[in-house]
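Residue numbers (the working numbering): 292 to 433.
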């Protein structure tokens, strides 16, 4: 199954890095949508069929925690696989995210770590790989 992915981060550079890393994961991707804050992300979720959201925590207008709360509160998106991609990864925050079924990847990250978390939060999608795209020796770290 090809994934439609939503990347939510206020930094255009970081969104680009996340997207590059996604493409290096060796997963089957369909559309990749981008949003600069949680409010924009929610609008995309209302309009498009999204299979996975990668969300930063600190953003203007609506931060990632508020966005995730609204996603989990909406019956139409409550089961959406979500991964927080952030530098702010205290054990308490990670535990709180795990309690509501949200994965966490600490910045900087690499394709292998991101791939493992995607497979974890999506329940083990059938994820074909390309030759070296997800190999630990690929040397990419974002």
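Don't be surprised by glycine CBs; every beta carbon is placed ideally from N, CA and C.
Do you know offhand how far residue 321's Cα is from residue 384's? 31 angstroms
Based on Cα-Cα distance, which residue from 407, 350, 335 lies nearest to residue 317? 407
Apart from the five residues on each side of it in sequence, which residues of its chain come closer than 7 angstroms, Cβ to Cβ, to residue 411? 394
Please say whether residue 372 and residue 413 have beta carbons closer to each other than 7 angstroms? yes
Nearest by alpha-carbon distance to residue 336: which of 301, 381, 358 is it? 358
Beta carbon of residue 309, beta carbon of residue 345: below 7 angstroms? yes
Please specify which runs of the beta strand (DSSP E), each continuous and at least 3 residues long, are wholly inside the stretch 317–343, giving them in chain order. 320–326
For the alpha helix (DSSP H) that residue 394 lies in, which residues bound it at each end? From DSSP, residue 394 is part of no alpha helix (DSSP H) but of the beta strand (DSSP E) over 393–397.
For residue 297 and residue 329, which I take to be in contact (beta-carbon distance under 8 angstroms), what is that distance rounded to the nearest angstrom? Not really, about 11 angstroms apart at Cβ, beyond 8 angstroms.
Under the three-state reduction of DSSP, which class applies to residue 431: helix, strand or coil? In this prediction, residue 431 has a pLDDT of 49, which is less than 50 and means its spatial position is unreliable; nothing more can be read from the coordinates.
Hey, residue 347 and residue 382 are a contact pair by Cβ (cut 8 angstroms); roughly how many whole angstroms apart? Not really, about 19 angstroms apart at Cβ, beyond 8 angstroms.
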